[in-house]
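Per the UniProt record's numbering: the sequence shown = residues 1 to 673.
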Amino acid sequence: MARRAQTTTTPSTQLSQPLPFSRAIFPTAATQRPHRTPTFFTRCGAEVDSAIRGASSAAAPSARSRRCVAMIKSPGALPSGSARRIARPTRSRLGASVYRLGNENTCFPLEGAMVLKVGQPGPGTKGGPVVSAGVLSAQIKVTNRPVTQQGLSGMKTGMKGPQRQILDKSYFLGLLRSKISELTTESSKLQKQIDTFNQENSVYLVYEKRAEGLAGEIKDLQGELADYNMLVDKLNTHTDMEEVIQDFNLLKVQNDREGQNMDVIFRDRQEKEEMIRVSENEVDAEKQVTDTILKKMTLQNQVKYTDMKTAKEELLQELNRCQQELDALITQKEILETGITHSQVKQEALLLHEKLQKLEQHRDSMASENNNLGSTKERERLLRQVKEDNQDMASMEQELTHIQMKASKIAEKIQQLDNDIEGYEGEQTQKYKELKKKEENMDNFLESFEDTKAEEQERNLQMRAGIVALLEHTSRNMNRMNQIPSVSANELKSMQEDLVLKETEMHKSQNTAHGLTSESQKLQQDFQKVEKLESKIKIELNGLKEKIWHMSEGLCTYNNLNEFKAAGEEKKKKLLEDMKSLTQKRETFKKATVKMTNEYEALKAQLQENETHVQLSNLEKKWQHHEKNNYVTREFVASKGMESDYHHVVKNVIKQLAEYNKTLIDAIPATRS
């Protein structure tokens with residue numbers, strides 16, 4: 001019996017340990033889930049018994065049996081009506097005291113289990129004991145349990161099992177809350193980034209405006225710095241103030257002229273823009289008139305108009321294409337002509353080709369005449385013509401030889417003159433140039449003598465007047481100095497105060513005078529602006545009157561729609577005729593270009609096959625090479641001549657010698673004295 005009691009206490013102690021519990025799997029009445037039926041507990045009890053029986057055979061319990069054991073150890077999982085079916089205590093097969101439910105065969109151990117009484121609230125509900133939460137369905141490894149001779153050891157719970165297996169409303173609400181919190185944090189981060197970006201953007205705009213203002217100030221300061229640098233350069237080079245003033249006046253005049261030109265250009269631009277705007281308005285008005293006319297037309301006329309319009313566009317496109325082809329052919333022709341003009345060989349070939357064409361035509365004409373000849377008179381006429389041609393050729397040959405002899409004599413004379421000029425060049429030419437310069441200087445001096453004389457006389461008179469004024473001023477000061485001892489200190493002080501007051505009044509009067517002059521200048525500028533505006537307004541009024549006149553004429557012309565249509569038809573006919581003529585010309589040009597290209601290719605092939613052409617091209621290359629060599633030698637000779645030119649050195653030496661002699665002559669009287 002003792003052995004039996006020991007063996008029977010093992011399951012009770014094993015099951016008396018608290019198992020993990022989760023309200024998500026076995027909710028109470030607080031979660032508003034439906035109650036379990038007694039059959040559910042019957043199945044759970046059977047599975048618990050089977051789990052306990054299989055513990056000794058090292059069989060793993062099922063998940064359902066584990067949940068039933070958890071329900072047994074957690075009384076709050078039982079429904080409220082199940083406790084009423086608990087009856088008398090009985091004995092299980094293992095000998096433990098259990099309670100048996102109503103009419104079922106399920107037994108629950110008494111040790112460690114909480115017995116519910118009638119009317120007692122369940123745990124986890126309002127008024128019941130609080131159930132501790134835990135991890136659901138811990139993996140219990142039955143094979144690793146230590147087995148003794150008294151029975152099974154106590155069942156231990158795992159530290160952490162798998163996550164939820166049933167995803168209910170609370171689980172999804174928790175997920176939603178976590179995702180919402182993540183979204184809110186992310187949106188707050190994005191909002192912060194947007195705020196920082198906006199702040200940086202506003203600051204960037206402010207800095208950009210400031211940078212533009214500073215750039216303008218830098219430009220102004222750079223202009224002032226350039227002016228100051230120019231003044232420093234003038235001071236360093238010891239230039240006179242008069243030259244600076246002259247430069248200033250010249251720049252001022254130039255700036256005023258450029259400003260006037262800019263104003264004229266601006267006015268022209270405004271006028272052009274106004275004309276463009278007026279023309280655009282007129283075009284829009286014409287389009288509206290045409291649209292109204294089209295709307296008033298019948299369907300047949302509208303279809304006819306659209307067909308004619310499309311045909312017109314196609315013809316215009318074709319005309320443009322033909323014009324482009326014609327321009328391309330003209331450019332090709334110009335390129336070929338320029339190529340022919342640059343090459344002497346090609347020119348000679350062209351002349352020979354023209355001569356060949358003329359001779360071929362002459363041959364054809366003579367052949368036709370020979371075919372037509374049949375009488376003796378015509379033969380005599382031909383013999384006479386041949387004799388005349390031979391005489392003309394002989395006379396032309398004599399004239400040609402005479403002209404060649406003249407040309408050779410003229411070339412010899414030119415060569416002699418070139419040699420003479422080269423011989424006379426040198427010191428004589430330089431002396432001639434110097435004398436010519438001196439003569440020009442003398443002429444300039446004589447021409448400007450009267451003006452310079454008058455200027456010097458005026459300057460002398462001004463200096464005399466200044467000397468007289470200075471003498472008068474010194475005499476007055478001497479008289480005042482003589483009168484000073486008789487004046488007392490008080491009088492002198494009062495005179496000084498009067499002097500200070502008068503000086504202040506003088507400064508005030510000068511300031512007022514400057515202010516009045518500046519105001520008068522401003523008023524004059526405003527007056528000039530008003531005059532300019534008045535002139536502009538007059539010009540605009542005249543332009544508007546002209547526009548009104550043109551518009552009235554346009555209204556008069558466009559009121560007569562029949563004449564307008566007739567003019568359009570005539571214009572259309574004229575354009576069609578022009579198109580036909582242009583197409584014919586295009587065809588003729590095409591034929592001519594094809595013929596010319598064929599002839600050009602044939603001539604090109606003949607030239608390439610011709611030995612004289614090859615020799616001429618080789619000679620031309622040699623000639624170019626010799627020309628390059630001649631140019632290089634000329635440059636070398638000129639550079640060496642410039643290096644060996646000593647005349648400017650001689651001039652400098654003579655000038656320095658004269659200056660040195662002059663200084664010596666000036667120093668002799670000083671040494672004697």
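In this text, a Cβ means the ideal position worked out from N, Cα and C, and glycines have one as well.
Treat the numbers as computed from the prediction; the structure is a model and nothing was measured.
Span separating the alpha-carbon of residue i from that of residue j
i, j, result
"K296", "K287", "14 Å"
"D443", "T452", "14 Å"
"L175", "L190", "22 Å"
"V386", "A638", "60 Å"
"T671", "I665", "10 Å"
"K640", "R634", "10 Å"
"E318", "S365", "42 Å"
"K413", "T401", "19 Å"
"S520", "H507", "20 Å"
"residue 732", "E217", "One cannot answer for residue 732 here, as it falls past the ends of the chain, which runs 1 to 673."
"K438", "K655", "17 Å"
"K272", "K547", "14 Å"
"K179", "L167", "16 Å"
"S181", "K192", "16 Å"
"T7", "K169", "Bear in mind that the predicted position of T7 carries a pLDDT of just 39, short of 50, making it unreliable; the figure below should be weighed with that in mind. Using only the alpha carbons, I get a separation of about 45 Å."
"E531", "L214", "36 Å"
"P669", "V650", "30 Å"
"R476", "F449", "41 Å"
"R269", "E280", "16 Å"
"Q344", "A407", "21 Å"
"E659", "A667", "12 Å"
"P27", "F172", "At P27 the pLDDT is 40, less than 50, meaning the model places this residue with poor confidence; the figure from the coordinates comes in the next sentence. Taking the straight line from one Cα to the other gives about 16 Å."
"Q462", "E472", "15 Å"
"H626", "S617", "14 Å"
"A367", "M393", "22 Å"
"K312", "K585", "20 Å"
"K662", "H648", "21 Å"
"S188", "E200", "18 Å"
"E434", "D526", "58 Å"
"E503", "G466", "25 Å"
"M596", "I335", "14 Å"
"residue 675", "A605", "Because residue 675 is not part of the residues shown, which for the chain are 1 to 673, the question remains open."
"G112", "T184", "At G112 the pLDDT is 40, less than 50, meaning the model places this residue with poor confidence; the figure from the coordinates comes in the next sentence. Those two C-alpha atoms are separated by around 48 Å."
Start and end residues, alpha helix (DSSP H) containing residue i
i, result
"I668", "647-672"
"T196", "169-236"
"I245", "241-296"
"residue 674", "As displayed, the chain neither begins before 1 nor continues past 673, which places residue 674 out of reach and without an answer."
"I330", "299-342"
Expected contact under 8 Å - CB spacing of residue i and residue j to nearest Å
i, j, result
"H613", "L607", "5 Å"
"C322", "L582", "7 Å"
"V244", "K234", "6 Å"
"Q347", "T341", "7 Å"
"Q302", "L294", "6 Å"
"M579", "L315", "6 Å"
"residue 735", "L575", "Any question about residue 735 goes unanswered here, given that the chain covers just 1 to 673."
"residue 680", "T593", "With the chain represented from 1 up to 673, any question about residue 680 goes unanswered, as that position is not in the structure."
From the options, residue whose alpha carbon lies closest to that of residue i
i, options, result
"D247", "G259, N236, L231", "L231"
"F589", "D327, Q462, L351", "D327"
"E569", "M275, Q260, Y305", "Y305"
"residue 679", "T239, Q404, E274", "Lying before the first or after the last residue shown, residue 679 is absent from the chain, which here runs from 1 to 673."
"E587", "E325, S617, R267", "E325"
"E553", "G466, A394, Q510, E282", "E282"
"Y600", "K309, G339, G223", "G339"
"V289", "D645, K565, E611, Q615", "K565"
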